[in-house]
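Written out as structure tokens, the structure is:
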């Protein structure tokens with residue numbers, strides 16, 4: 001294994017974080033949702049928009065050169081700007097790339113963001129609601145899938161859940177413990193899309209979607225955007241917020257496919273996490289809070305194993321022990337996650353990781369004593385993964 | 394709704410056309426590398442094991458086992474409204490490659506990981522036949 005560079009550890013910081021209105025935000029485009037989140041991040045950081053000389057962003061899959069559209073809306077040119085293409089792993093990769101660009105002298109202050117009107121586009125008509133698809137037709141498979149009734153992201157992830165249950169005896173009760181814990185967290189977050197408590201009985205009563213997943217194993221359809229601002233630690237000293245140091249990051253991509261090898265039960269989080277831990281000089285025992293890409297309940301369970309918080313196959317008992325709740329061994333997705341806060345392709349996980357590391361939340365939302373936050377990004381058909389490790393401000 | 398009640402027929406790529414042509418004649422054929430001797434799927438011009446581009450479309454046993462599977466309850470396409478609950482599985486052929494498919498001829502609750510299966514062909518209209526799998530009969 002190549003050794004991740006320690007020269008990038010603690011050289012940059014997240015100095016601003018923001019989100020748009022979340023959930024159902026009718027009449028606002030993906031681009032304007034992201035402008036809303038970016039504006040909030042800019043105000044939060046106390047920078048001027050003209051201080052920003054880097055943009056790394058992503059939006060709906062059909063947009064071409066999304067960063068150009070965002071630059072035009074922000075009214076700025078940029079020394080460094082691009083759009084990433086790693087699905088839900090893109091957002092952390094954006095933070096990593098920003099750090100590298102700043103270290104290389106290619107930019108000084110970079111804004112990273114994602115926004116999409118997924119609730120609006122899946123509720124625009126009866127047909128759109130049935131298809132439940134946010135990607136354009138040209139990006140969907142036209143053979144080896146639809147002829148078998150294989151549609152949507154739910155099934156591809158449910159395959160892994162079935163296999164994990166077969167190999168390790170994992171149960172739906174254990175998946176349910178994840179959904180219930182994240183809902184508890186969402187209820188403390190006034191911005192969260194889900195406002196009502198969730199019991200284990202309600203989890204089990206929810207309609208089956210693609211077995212073994214029911215409705216409450218699936219993340220939300222959300223109109224949502226999030227953004228963070230990264231700059232060097234020297235520059236960060238003069239800004240409004242306590243700077244949250246970027247200690248390490250990693251990525252790995254199981255390009256052979258979700259269906260290949262053992263990828264559906266051991267995800268790219270394993271290799272991505274090892275890189276990030278080494279860059280940061282920490283291990284799983286040091287992590288005080290985790291913000292895990294929760295497109296589906298099972299994906300949290302398997303990533304927690306891959307990140308070394310428990311052994312492979314022991315994720316079920318680990319999550320059922322209450323570890324993920326506030327006050328547990330590893331409070332996870334403390335803003336409610338994509339299962340209960342809003343699905344923003346992992347961007348809100350980065351936002352929440354940074355906010356936790358500032359230690360400025362009211363007591364009921366703050367993970368007390370957490371010195372390290374681990375954030376994960378996962379996507380592109382379960383192939384791409386990225387990891388971010390943040391330190392206490 | 395026009396056309397929506399029909400299951401979507403596969404739209405072959407240039408590389409997969411021979412696969413679907415064989416399937417229409419109820420033969421399961423996949424690419425076999427002349428250079429390294431391994432099978433691969435899905436179809437592509439170069440062998441993903443050694444990148445050689447000389448290959449032969451070769452009939453396979455049609456036997457394998459269920460690597461994993463899911464059961465659809467939600468209807469994403471009107472043509473599948475009458476099919477739910479139906480099983481979509483990833484079948485690992487005895488020859489190695491994995492195919493996405495349906496498991497038929499058995500109730501969904503009796504499908505299991507590692508269950509032995511064999512190919513069967515489902516004739517869709519428009520001269521299209523789709524390889525599916527059913528439990529392997531004992532003694533075959």
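Protein chains in written order, with the numbering used here: chain A, 1 to 393; chain B, 394 to 533. A virtual CB, placed ideally from N, CA and C, is assigned to each residue, including glycine. The structure displayed is predicted, hence computed values, not measured ones.
Under three-state DSSP, which class holds residue 394 (chain B)? To locate residue 394 (chain B), count along the second chain from 1; it is residue 1. Bear in mind that a pLDDT of 45 at residue 394 (chain B), under 50, signals an unreliable position, so the model cannot answer this.
Are any of the Cβ atoms in chain B nearer than 9 Å to that of residue 132 (chain A)? Against the first chain, residue 132 (chain A) aligns to sequence position 132. With 9 Å as the cut-off, residue 132 (chain A) counts as an interface residue toward chain B.
For residue 119 (chain A), list the residues DSSP reports as bridge partners. Along the first chain, one-based indexing puts residue 119 (chain A) at 119. Under DSSP, residue 119 (chain A) forms no beta bridge with any residue.
Burial state of residue 2 (chain A) (16 or more Cβ within 10 Å): To locate residue 2 (chain A), count along the first chain from 1; it is residue 2. Per the 10 Å Cβ criterion, exposed.
Quick check: what's the CA-CA separation for residue 8 (chain A) versus residue 248 (chain A)? In the first chain, counting from the first residue as 1, residue 8 (chain A) sits at position 8. In the first chain, counting from the first residue as 1, residue 248 (chain A) sits at position 248. Using only the alpha carbons, I get a separation of about 7 Å.
Minimum C-alpha distance to residue 315 (chain A) - residue among A:192, A:167, A:63: By one-based count along the first chain, residue 315 (chain A) stands at place 315. Residue 315 (chain A) has its Cα closest to that of A:167, out of A:192, A:167, A:63.
Within 10 angstroms of its Cβ, does residue 525 (chain B) collect 16 or more other Cβ (buried), or is it exposed? Your numbering for residue 525 (chain B) matches position 132 in the second chain. Buried: at least 16 other Cβ atoms inside 10 Å.
Taking residue 135 (chain A) as the reference, which of A:180, A:146, A:122, A:113 has the closest Cα? Mapped onto the first chain, residue 135 (chain A) falls at position 135. If we check each option's Cα against that of residue 135 (chain A), A:122 comes out closest.
Pull out every residue of the segment 449–471 of chain B whose Cβ sits closer than 9 Å to any Cβ of chain A, in chain order. Residues passing the 9 Å Cβ filter: 460, 461, 462, 463, 464, 465, 466, 467, 468, 469, 470, 471.
Kindly give me the distance between the Cβ atoms of residue 162 (chain A) and residue 453 (chain B), rounded to whole angstroms, as I take these residues to be in contact under 8 Å. Indexing the first chain from 1 puts residue 162 (chain A) at position 162. Indexing the second chain from 1 puts residue 453 (chain B) at position 60. Not really, about 25 Å apart at Cβ, beyond 8 Å.
Can you name the residues of chain B whose CB is closer than 7 Å to the CB of residue 208 (chain A)? Here residue 208 (chain A) corresponds to residue number 208 of the first chain, with the count starting at 1. Residues of chain B passing the Cβ test: 466.
Same chain, Cβ closer than 7 Å to residue 358 (chain A), neighbours up to 5 away in sequence not counted: Along the first chain, one-based indexing puts residue 358 (chain A) at 358. Listed in chain order, the non-local C-beta contacts of residue 358 (chain A) below 7 Å within the same chain comprise 241, 242, 244, 393, local neighbours out to five positions each way being set aside.
Can you confirm whether residue 6 (chain A), when its beta carbon is compared against all beta carbons of chain B, has any partner nearer than 9 Å? Here residue 6 (chain A) is taken as the residue at index 6 of the first chain, counted from 1. Under the Cβ distance rule, residue 6 (chain A) does not count among the residues neighbouring chain B, no pair being separated by less than 9 Å.
Residue 171 (chain A) - DSSP class collapsed to helix/strand/coil: Position 171 of the first chain, counting from 1, holds the residue named residue 171 (chain A). Annotated three-state conformation of residue 171 (chain A) is coil, per DSSP.
Which residues DSSP lists as bridging residue 452 (chain A), in chain order: Residue 452 (chain A) is absent from the model: chain A starts at 1 and stops at 393.
At a CB-CB cut-off below 7 Å, which residues of chain A make contact with residue 400 (chain B)? The residue labelled residue 400 (chain B) in the question sits at position 7 within the second chain. Within chain A, the residues placing a beta-carbon under 7 Å from that of residue 400 (chain B) are 147, ordered along the chain.
So within the segment 122–204 of chain A, which uninterrupted alpha helix (DSSP H) runs reach at least 4 residues, ignoring any that extend past its ends? Counting only runs that start and end inside the segment 122–204 of chain A, the alpha helix (DSSP H) elements of at least 4 residues fall at 126–131, 152–168, 172–186.
For residue 221 (chain A) and chain B, any beta-carbon pair shorter than 9 Å? Position 221 of the first chain, counting from 1, holds the residue named residue 221 (chain A). Put simply, the CB of residue 221 (chain A) is far from chain B, with every gap to its CB atoms at 9 Å or more.
What does residue 409 (chain B) touch in chain A if you count any residue whose Cβ is under 9 Å from its own? Working through the second chain from its first residue, we reach residue 409 (chain B) at position 16. Per Cβ cutoff of 9 Å: 143, 144.
Would you mind telling me which residues of chain A sit closer than 7 Å to residue 418 (chain B), beta carbon to beta carbon, in chain order? Looking up residue 418 (chain B) in the second chain gives position 25. Going along chain A, no residue has its Cβ under 7 Å from residue 418 (chain B), so there is no contact; the nearest lies around 17 Å.
Option nearest residue 96 (chain A) by Cα separation, candidates A:366, A:342, A:141, A:280: Start at 1 with the first residue of the first chain, and residue 96 (chain A) comes out as number 96. Among A:366, A:342, A:141, A:280, the Cα nearest to that of residue 96 (chain A) is on A:280.
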